[in-house]
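The structure appears below as structure tokens.
In our numbering, the protein residues as written are 269 to 366.
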């Protein structure tokens with residue numbers, strides 16, 4: 269009989285609430301939105317209650333935008349991060365509208 273490659277990973281940590289839950293009680297989360305392409309990936313997990321609460325609508329380029337914001341904000345405080353996010357999000361929206 270084939271053994272699962274997940275042996276030793278019976279518990280996972282929910283990225284939303286931080287709780288440890290049984291793998292069978294969690295949902296895989298792929299921040300790139302392509303959970304079917306599995307080669308070379310390590311998935312994060314959400315517990316079922318957190319998965320039900322999250323928005324399941326497409327996020328466009330949100331992950332890339334957040335990476336750009338983190339780089340531009342350069343570790344400054346929360347207000348700087350949010351101001352940078354608004355500036356870059358508005359710029360991205362105006363580009364998409366063209």
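Cβ atoms here follow ideal geometry from the backbone N, Cα and C, with glycine treated the same way.
For residue i, the three-state DSSP class (helix, strand or coil)
i, result
"residue 335", "helix"
"residue 270", "With a pLDDT of only 46 at residue 270, under the threshold of 50, the placement of this residue in the model should not be trusted, and no figure is reported."
"residue 307", "coil"
"residue 282", "strand"
"residue 291", "helix"
"residue 323", "coil"
Residue j beta carbon less than 8 Å from that of residue i
i, j, result
"residue 322", "residue 314", "yes"
"residue 311", "residue 298", "yes"
"residue 278", "residue 295", "no"
"residue 293", "residue 309", "no"
"residue 336", "residue 350", "no"
Distance between residue j and residue i (C-alpha atoms, nearest Å)
i, j, result
"residue 281", "residue 319", "13 Å"
"residue 306", "residue 285", "25 Å"
"residue 345", "residue 354", "15 Å"
"residue 358", "residue 328", "14 Å"
Contact belief for residue i with residue j at Cβ below 8 Å, rounded distance in angstroms
i, j, result
"residue 420", "residue 360", "Summary: the structure shown does not reach residue 420, with the chain confined to residues 269 through 366, and so no result is reported for it."
"residue 338", "residue 300", "Going by Cβ atoms, the distance from residue 338 to residue 300 rounds to 17 Å, so no, they are not a contact pair."
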